[in-house]
């Protein structure tokens with residue numbers, strides 16, 4: 192389905208270093224903080240061999256503001272120093288979407 | 192970083208029904224099958240409360256061909272009948288990307 196208003200996804204894929212080192216607490220705080228930012232739309236996260244965190248935003252300006260947020264910058268620096276052995280960030284324009292709900296269709 | 196050649200991400204976010212019912216085996220087979228398709232680039236997956244599977248493709252034609260693949264269509268039908276209580280598919284144009292490797296920067 193074509194979107195009436197395209198929006199953006201930031202895909203953050205990562206592998207962790209060993210040990211928690213404050214990571215779990217930071218992850219909770221960063222999600223809470225992201226949800227308060229202007230232009231925030233949604234947040235999805237799961238980790239097994241790799242961690243995938245996707246945040247959804249109204250536009251590129253909202254993403255730039257979130258990247259520049261002071262508390263988020265502290266977390267980004269600790270991420271590079273301590274938490275992640277690897278990560279990759281992809282900024283994506285969501286062009287189409289569709290969904291399925293069991294109760295709607297059964 | 193701007194990409195020299197933009198590519199596409201298909202974000203598949205889902206919640207499972209209870210029980211395996213053949214889901215685990217299908218998931219392995221679908222990843223193997225996806226990796227053999229023309230235009231396939233990469234595959235990332237993790238599941239906790241929600242499952243996030245992202246496949247990366249050279250262009251929209253490759254995504255359309257993968258969606259129409261006969262074995263994949265069987266899995267899609269079983270997904271709706273048995274495996275998923277909810278899912279959402281987003282087709283995204285990857286506009287920018289950057290990455291971090293611990294060993295490169297430390």
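Chains as they are written, first to last, in the working numbering: chain A, 192 to 297; chain B, 192 to 297. Here a beta-carbon is modelled for each residue, glycine too, at the ideal position from N, C-alpha and C.
Asked, Found
"Pair every Cβ in the region 235 to 248 of chain A with every Cβ in the region 234 to 254 of chain B, then say whether three or more of these pairs are closer than 8 Å.", "yes"
"Between residue 246/A and chain B, is there a C-beta pair that is closer than 8 Å?", "no"
"What does the alpha-carbon distance come out to for the pair residue 207/A and residue 239/A?", "10 Å"
"Could you tell me which residues DSSP puts in a beta bridge with residue 233/A?", "247/A"
"Kindly list, in the order they appear in chain A, the residues whose Cβ is closer than 7 Å to that of residue 291/B.", "271, 275, 277, 278"
"Could you work out which residue in 203/B, 198/B, 196/B, 199/B is closest to residue 290/A when comparing CA atoms only?", "203/B"
"Residue 259/B and residue 217/B: beta carbons closer than 8 Å?", "no"
"Which residues in chain A sit within 7 Å of residue 286/B, going by Cβ to Cβ distance?", "282, 283, 284"
"Express the C-alpha separation of residue 271/A and residue 268/B in angstroms, rounding to a whole number.", "42 Å"
"Using the beta-carbon count (16 or more within 10 Å), is residue 264/A buried or exposed?", "exposed"
"Does residue 239/B have its Cβ less than 8 Å from a Cβ in chain A?", "yes"
"Using a Cβ-Cβ distance under 8 Å, would residue 235/A count as near chain B?", "yes"
"Taking just the CA atoms, how far does residue 287/B sit from residue 282/A?", "5 Å"
"Which chain A residues are close to residue 242/B, counting only those with a beta carbon under 7 Å from its beta carbon?", "237"
"Would you mind stating whether residue 229/A and residue 284/A have Cβ atoms separated by less than 8 Å?", "no"
"With a threshold of 6 Å on Cβ separation, who are the neighbours of residue 273/A within its own chain once the five nearest residues in sequence on each side are excluded?", "212"
"Please say whether residue 201/B and residue 248/B have beta carbons closer to each other than 8 Å?", "yes"
"Below 8 Å between beta carbons: does that hold for residue 251/B and residue 199/B?", "yes"
"From the DSSP output, read off the bridge partner residues of residue 261/B.", "Answer by DSSP bridge pairing: none, since residue 261/B is not bridged."
"Buried or exposed: residue 205/A, going by 16 or more other Cβ atoms within 10 Å of its Cβ?", "buried"
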